[in-house]
Structure formats: structure tokens, C-alpha cells
Amino acid sequence: MSHRPIVVVGAGQAGLQLIDSLRRGGYDGDMTLIGDEASLPYQRPPLSKQYMSGDMADERLLFRPANYYTKHNIEVVRGKHVTQIDSAARTVTFDGDTRQYHQLALTTGASVRRLPVPGADLDGIYYLRSLDDARLIRHALRLGPCRVVAIGGGFIGLELAAAARKMGQAVTVVEAQDRLMARVVAPLISNFYLELHRSHGVKVLLNAVVERIVRRADGSLVVVLADGSDVLADAIIVGIGSVPECALAESAGLECDNGIVVDEFAQTSNPNIVAAGDCTMHRNSRLDVRHRLESVQNAVDQAKIAAATLLGEPRPYEQIPWFWSDQFEAKLQMVGTWVDHDRHVMRGSIDVGAFSAFYFRGNELIGVDSINRPADHLVGRKLLACGTVVPDRMIADIDQKLQSLL
């Protein structure tokens, strides 16, 4: 197989899973993993959570130790940007160097969405994507008392707001929508997290559109809002979404549409190239939808599908999306979707901060959001996977064991 080399561009969660799945699947040929960071492949989710709060050391972030790659004969190219794919010659080029491939996998992920306002490039404004970014933010938060403004009330903004508040900083969240995490959670979850953050002393501004950022003579920053009000800051953290990294794919002639377009087998428009993870616009045959997901679950599951395709054992992507977020003492676990639900059934108690919402469309269970009820989440995943009809009364009665439905 050594004459059929595989090159993987992108050394994040999907890239690591893909090479691991290939080796586990019996591929023994040459394999190269190319990443644009100096570090070995590492986990990103803890950067805004345990790592930011100081509960996780750098070495614990690594997916695998250095000897894993040596043992499995995987060439890891670090700190290099692939600048060209020649799909006719089947080569990738980076910093004047070239690698030949028989099959190529793109796991390039996504980059942060930049704040498009005057002053957004001032010092003291931070974005979180990489380990280096996390180090800079953590250092800024540890310098001493400071006023932190988190622009964006999504997962990243709120997780960083929680981390900063736990470090004793004064925190304000500025969100343009009328509720927190509006794109990804139902209103009842938004309301819970609004009260949670406020109960911990976080100031939350909704319907607050940033117009510009200016620096005062004393060095502090001022976030000027569209309604004429402003918020003072010593550090600003921006978390307003991400943009799929598909410029390289576009330059290679691959079909892209808010991501690299792949089918349910992770196959791109080029038969020799697959793609997986945050960079893809993909089809989920179980849900009968085409979407782009930004989650560890999707990166892992789709990378396994891509590896199966490269191994000549294609199987469709049918996983039901799930996700989690840690903020203060609340762990949110989500599976499926709440979108277009016509009713929901509660299990547990919002007042004590341990509850689940089961979302239905007609009699069909389409999603479950759980806060501090991990067993409900696990059962919800299984119920969604098998399509079991779930009686409302069983959900609402916490003395009833939902496992009995499986």
C-alpha cells in the first residue's frame, strides 16, 4: 500500500480521528498529517472551559503523545500552511515543499468570524480558536482585576464569560439577538442561562449591537453600541461564530457552499478527495438534511465515515447530532434538534437546575436538551436513534425509568 499514500490536511479533531480510523481499519501505507500549528494535535473544547480556568495542563490537551505517531508510522508536519492542491498531479504544496497523494482528506476546520466594526483590530481584543489564543486570553485575565466584555452570547462567549467571572473579573456579555444562544437552543434554555449568568454577577445586554470600539486616553477600551450607550472594558473577547476554511478547496475546484460540499459518504466533488469536520457542508441521510455542524461529535463521526470511504468500505453518515457546554455549575447536553417542535415535555426541575426538555413534532421525538441530567441525555440519544414512541407521562415522572423503553 505504500505506493498509495494518503495526505490529511488539517490536524484538529477530525484529522486525528481520520488517521486513527485508517490505521485501525488496516491501512498500512504512507500517511501524512499536515497542521498549521506548532503543537501536536490537541483538543479544542477545553480551551474555553477547563484550560481557561487553569484546571487542565497543556500536556493533557494532546490527543496522543508524540510516540503514537512514530509507532504508527504517521508523518506529522507542524506549523505549515498548505497553499495549493494540484488535483491533476495529486500533490499538495506548503512552504515550498510538496507531498504526493493517492487520496486526500481535507479536515481544515473553521476560523473565527471577525467583528466587522471600526476599532475591532485594537490591542486588547481577543478571539479564541487556537491554544496560542487561549494562552493570551488566560494571561490577560490573570494580570489582575479587569473589566471583561464578551461580545457574542453563544457557546464560546458564554463559556469564556463564565471562566472570567470564576476568576473574579467583572464581566459583561453583549449579545445582538434578543436571547442567548438563539441560533442553537430553544428559548427555555436561553432563559435558564440568562438567569444563571446573572445570578453569578455577569451583566448581560441583549439586543445590543456593537457599532464601534475606541480606546480612551487611559488605555481602556469602550464598546459603543448602536443605541448610543457604551460599555467600558480592559479586555474584550469576541465569539460571534465561525467561518468554514474552504478557500483551499475552492482553489482546487471543489464544490463549496458555506463549507466543502460532501455527500453522506464524506466524498467531495473530486473522487480522490474526502472531507470531514467543521469545514464541511454535508448530508445526513437519517435526518434527510444538508447542514454544517461545528462539534466534536460531528468531527469524530464524519471522520470515521471519511476513513471508511478511503478504505473502500463506504457507509452513510447517519449519526444524530449531539453537543455539550459547561458554564458555571451547569452542564448542558443536547441531542437532535428543537427546531420546528410543536411541544415539549419537561423532566426534572428548572428551579434546582437539573432538568431535561424533550421536544416533539407531533408524536415524534426530535430532540432532548438536558442540564445536569446526564442519564436523560444518554437515554435520549438511544431513543432518537431507534425512533421509539415515548409517552409524555413517563417523561414527566422522574420516578419512571426511561431505560425501560429501550
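Throughout the sequence shown, residue numbering follows this note's numbering, covering 1120 to 1525 in sequence. Just so you know, even glycine gets a beta-carbon here, dropped at the ideal spot from N, CA and C.
Item, Value
"Cβ neighbour criterion (16 or more within 10 Å) applied to M1465", "exposed"
"N- and C-terminal bounds of the beta strand (DSSP E) containing Y1220", "No beta strand (DSSP E) contains Y1220, which DSSP labels as neither H nor E."
"Exposure of V1508, with buried meaning 16 or more beta-carbon neighbours within 10 Å", "exposed"
"Distance, R1284 Cα to Y1170 Cα", "15 angstroms"
"Beta-carbon gap between A1130 and G1396 smaller than 7 angstroms", "no"
"Beta-bridge pairing of R1266 - partner residues as DSSP gives them", "A1289"
"Expected contact under 8 angstroms - CB spacing of V1381 and H1401 to nearest Å", "5 angstroms"
"Y1436, DSSP secondary structure in three states", "coil"
"Sequence-distant residues of its chain with Cβ nearer than 7 angstroms to A1426 (five each side left out)", "L1137, S1140, L1141, G1144"
"7 angstroms Cβ shell around R1317 - same chain, five flanking residues per side excluded", "V1323"
"Closest residue to R1163 among P1435, H1410, L1247 (Cα-Cα distance)", "L1247"
"Residue nearest to R1512 in terms of C-alpha spacing, selected from G1486, F1477, D1488", "F1477"
"Start-to-end residues for the beta strand (DSSP E) that takes in Q1519", "No beta strand (DSSP E) contains Q1519, which DSSP labels as neither H nor E."
"The segment 1336-1354 touching the segment 1298-1313, judged by at least three CB pairs closer than 8 angstroms", "no"
"Continuous beta strand (DSSP E) stretch holding M1400: start and end", "1399-1403"
"Beta-carbon proximity list for E1364, same chain, < 7 angstroms, skipping 5 on both sides", "T1227, G1228, A1229, S1230, C1398"
"Helix, strand or coil at G1129 [DSSP, three-state]", "coil"
"Beta-carbon proximity check, I1125 vs Q1222, cutoff 7 angstroms", "yes"
"C-beta atoms of A1157 and G1198 nearer than 7 angstroms", "yes"
"Check whether L1279 and A1269 have beta carbons under 7 angstroms apart", "yes"
"Residues that R1466 bridges to, as DSSP identifies them", "S1475"
"Identity of the residue in D1346, G1338, V1321, H1319 nearest R1331 by Cα", "D1346"
"Opening and closing residue of the beta strand (DSSP E) in which S1230 lies", "1229-1231"
"Classification of Q1438 by the beta-carbon crowding that lies within 10 angstroms, buried from 16 upward", "buried"
"Beta-carbon proximity list for N1326, same chain, < 6 angstroms, skipping 5 on both sides", "D1297"
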